[in-house]
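One structure is given below, encoded as structure tokens.
Below, the structure is given as structure tokens:
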């Protein structure tokens, strides 16, 4: 029987996710970007309050673990740098897949408080211990 060596694509790991810190374009606040390939999480750093606010998550694909790897990296970064919580909100723009978003955030330990307010469907919060 002939053996064939095939190279399987390597799975991404949390170590592959990069953390980028920079000032916003108005030089007012610090931003944090967690990236993995062409996927990313953009955040605002509230240094005085030790809070990280998620403002956008974009993933090339869904249900492949990339979003979870980036979220794990963000949580790890927050913990290592003594932030007290990660916050954000779910937008009405994402209403079509709100169940998937709720599952994603709850899987990572976030609490979700439904609060309809203009573009907002719910607040999310993760306390860093």
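In the numbering used here, the protein residues as written are 8 to 136.
For every residue, glycine included, the Cβ atom is placed at its ideal position computed from N, Cα and C.
| query | Using 8 Å as the threshold, is the stretch 103-110 in touch with the stretch 71-82, meaning 3 or more CB pairs across them? | reply | no
| query | At what residues does the alpha helix (DSSP H) containing residue 85 begin and finish? | reply | Here residue 85 corresponds to residue number 78 of the chain shown, with the count starting at 1. Start and end: 73-87.
| field | Beta-carbon separation (whole angstroms), residue 128 vs residue 98, contact threshold 8 Å | value | On the chain shown, position 121 is the one that residue 128 refers to. On the chain shown, position 91 is the one that residue 98 refers to. Indeed, because the Cβ distance is near 7 Å, the residues count as touching under 8 Å.
| said: Can you tell me which residues form a DSSP beta bridge with residue 23? | reply: Within the chain shown, the letter at position 16 stands for residue 23. According to DSSP, residue 23 bridges with nothing at all.
| field | When 59, 84, 82, 88 are compared against residue 95, the one with the closest alpha-carbon | value | On the chain shown, residue 95 is found 88 positions in, with the first residue counted as 1. Nearest of 59, 84, 82, 88 to residue 95, Cα basis: 59.
| field | CB contact flag (residue 90, residue 26, <8 Å) | value | On the chain shown, position 83 is the one that residue 90 refers to. On the chain shown, position 19 is the one that residue 26 refers to. Their beta carbons are not under 8 Å apart, which means residue 90 does not touch residue 26 by this criterion.
| When 131, 115, 113 are compared against residue 121, the one with the closest alpha-carbon | Taking the chain shown and counting its residues from 1, the one referred to as residue 121 is at position 114. Ranking 131, 115, 113 by Cα distance to residue 121 puts 131 first.
| task | In the DSSP assignment, find the unbroken beta strand (DSSP E) run with residue 112 in it and report its ends. | result | Here residue 112 refers to the residue found at position 105 of the chain shown. Unbroken run through residue 112 is the alpha helix (DSSP H), 105-114; no beta strand (DSSP E).
| Between the C-alpha atoms of residue 23 and residue 43, what's the straight-line distance to the nearest angstrom? | Counting from 1 along the chain shown, the entry for residue 23 is found at position 16. Counting from 1 along the chain shown, the entry for residue 43 is found at position 36. Approximately 7 Å between the Cα atoms of the pair.
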